[in-house]
Amino acid sequence: MKKLFFKFLTLLFSPLIIAQASGNINYQNRQYAANNTINISFPENEAIMVSVKGLANVKADAYTAIFSITQTGKTTQEVNELMDKRIMQSLNEIKLKKGVETFIDMISFVPVYEYEAEKKVFNRKTYNEVPAGFELKKNIHIKYTDPNQLNEFISILSNYEIYDLVRVDYFSNSLETIKKEMMNKAKILIQEKVKNYEMVLGETFTNAEKRIADDFIVNVPVEMYRSYEAYNSSSLNLKKAANINQLNKSVTLYYQPVVSKEFDFVMNPAVLEPVIQIQYEIKIAITKERKLLSKTDKEFILVTPNGDLKTLNISAARQN
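What follows is the structure in structure tokens.
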């Protein structure tokens, strides 16, 4: 009896166990579908297509974080003084960190208006726009090499009411070197594929017409974040009209790199932190050489009364 009860509990809670192992994203509709089958189409125009796709995960060696800061005030002098004070005090602390560079980017400086009610005895109120002050916006760019320093920057800037982290850009000095490595690796693999096709077909492509094309795609982490809402709502069977008050659901962001399953080779396949991803693909179209007719062989075409064209095999007729 105890064994049956344990099996019942296992079946009952097994979906929850799976969801916990795969992540809360399963509460949301999937943003990408699993492709577990191979779909091969025959090449067009009698050409054999040979392709190799590669992926490289590159760890960044430099970062730039951009923070936005907004300041308002009654006069231009007040706005500038308050803004400069917040920026200078925060940057004086940040510049004490090792290997850090900063830059201030001017964004906008505009007047701000508000509405003032004009009271009348026998008419409705009229609201007029009147100057209320000025608004100044700037961005703080911080370049650094240690990714752990970002938490320190956030802690320092928050002391001066600077909270808006706009984005973080990733840079690497080895991209060109890695691109060359990918091209060399793809060249070896595509030559192996061509030789394999020659062996399968029992012929050579030495004199065949060939066309080649290749290209790179570089994906940076800021482009690869996705969002989802993790929640499980109850369903209500309401017989009468009723008011339902729903709470705002928390929206979560997560890093979704390019999945490596569709590539012929992957450099640095294990991804722990957000990385720069380089995709490379090379394609070769091989048009098999057609056998030419000898001088003694002639091709005769018969036009039928219906207007159809038929090729007559004269050589076979002579042998018979």
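The sequence shown maps to residues -19 to -1, 1 to 301 in mature numbering (1 follows the signal peptide of the UniProt record, and there is no 0). Glycine included, every Cβ here is placed at the ideal spot set by N, Cα and C.
Boundaries of the alpha helix (DSSP H) in which residue 60 is found, first to last residue: Here residue 60 refers to the residue found at position 79 of the sequence shown. Where residue 60 is concerned, the enclosing alpha helix (DSSP H) stretches over 57 to 75.
Three-state class that DSSP yields for residue 254 in the structure shown: Here residue 254 refers to the residue found at position 273 when the sequence shown is read from its first residue. Residue state, collapsed to three classes: coil.
Distance between residue 54 and residue 60 (C-alpha atoms, nearest Å): Start at 1 with the first residue of the sequence shown, and residue 60 comes out as number 79. Start at 1 with the first residue of the sequence shown, and residue 54 comes out as number 73. Rounded to the nearest angstrom, the two C-alpha atoms are 5 Å apart.
Classification of residue 302 by the beta-carbon crowding that lies within 10 angstroms, buried from 16 upward: As shown, the chain starts at -19 and ends at 301. That puts residue 302 outside it, with no answer to give.
Three CB pairs or more closer than 8 Å across the stretch 177 to 186 and the stretch 156 to 169: no
Straight-line Cα distance separating residue 191 from residue 232: Taking the sequence shown and counting its residues from 1, the one referred to as residue 232 is at position 251. Taking the sequence shown and counting its residues from 1, the one referred to as residue 191 is at position 210. Residue 232 and residue 191: Cα-Cα distance of roughly 51 Å.
Length of the line joining the Cα atoms of residue 100 and residue 224: If you number the sequence shown from 1, residue 100 lands on position 119. If you number the sequence shown from 1, residue 224 lands on position 243. Taking the straight line from one Cα to the other gives about 39 Å.
Complete runs of the alpha helix (DSSP H) confined to the stretch 77 to 115 [at least 4 residues]: none
Residue range of the alpha helix (DSSP H) that includes residue 164: Numbered from its first residue, the sequence shown carries residue 164 at position 183. Element bounds for residue 164: 156 to 182.
Alpha-carbon to alpha-carbon, residue 199 and residue 244: Within the sequence shown, the letter at position 263 stands for residue 244. Within the sequence shown, the letter at position 218 stands for residue 199. Whole-angstrom Cα-Cα distance: 15 Å.
Any non-hydrogen atom of the ligand GDP within 7 Å of residue 191 CB: Here there are no bound small molecules, and the ligand GDP is not part of this structure.
Residues that residue 143 bridges to, as DSSP identifies them: Here the question's residue 143 lines up with position 162 in the sequence shown. None, per the DSSP bridge assignment.
Residue 96, buried or exposed, once every other Cβ within 10 Å from all chains shown has been counted against 16: Position 115 of the sequence shown, counted from the first residue, corresponds to residue 96. Per the 10 Å Cβ criterion, exposed.
Contact between the stretch 84 to 92 and the stretch 107 to 116 (3+ Cβ pairs under 8 Å): yes
Proximity below 8 Å, CB of residue 48 to CB of residue 156: In the sequence shown, residue 48 corresponds to position 67, counting from 1. In the sequence shown, residue 156 corresponds to position 175, counting from 1. No, they are not a contact pair.
Bridge-paired residues (DSSP) for residue 262: What you label residue 262 is simply residue 281 of the sequence shown in a count that begins at 1. 34 and 196, per the DSSP bridge assignment.
Three-state secondary structure assigned by DSSP to residue 249: Within the sequence shown, the letter at position 268 stands for residue 249. If DSSP states are grouped into helix, strand and coil, residue 249 belongs with coil.
C-alpha gap between residue 36 and residue 251, whole angstroms: Residue numbering aside, residue 36 sits at position 55 when the sequence shown is read from its first letter. Residue numbering aside, residue 251 sits at position 270 when the sequence shown is read from its first letter. Using only the alpha carbons, I get a separation of about 12 Å.
Bounding residues of the beta strand (DSSP E) (the contiguous stretch that carries residue 234): Taking the sequence shown and counting its residues from 1, one reaches residue 234 at position 253. From DSSP, the beta strand (DSSP E) with residue 234 extends over 232 to 236.
Proximity winner among 78, 248 and 289, relative to residue 133 (alpha-carbon distances): Residue 133 sits at position 152 when you count from the first residue of the sequence shown. Measuring from the Cα of residue 133, the nearest candidate turns out to be 78.
Residue 240 to residue 205 span [Cα, whole Å]: Against the sequence shown, residue 240 aligns to sequence position 259. Against the sequence shown, residue 205 aligns to sequence position 224. Roughly 11 Å between the two C-alpha positions.
Residue 122 to residue 150 span [Cα, whole Å]: Here residue 122 refers to the residue found at position 141 of the sequence shown. Here residue 150 refers to the residue found at position 169 of the sequence shown. Cα-Cα distance, rounded: 10 Å.
Interface flag, residue 229 vs chain D, CB-CB below 8 Å: This model lacks chain D altogether, as it is built from one protein chain only.
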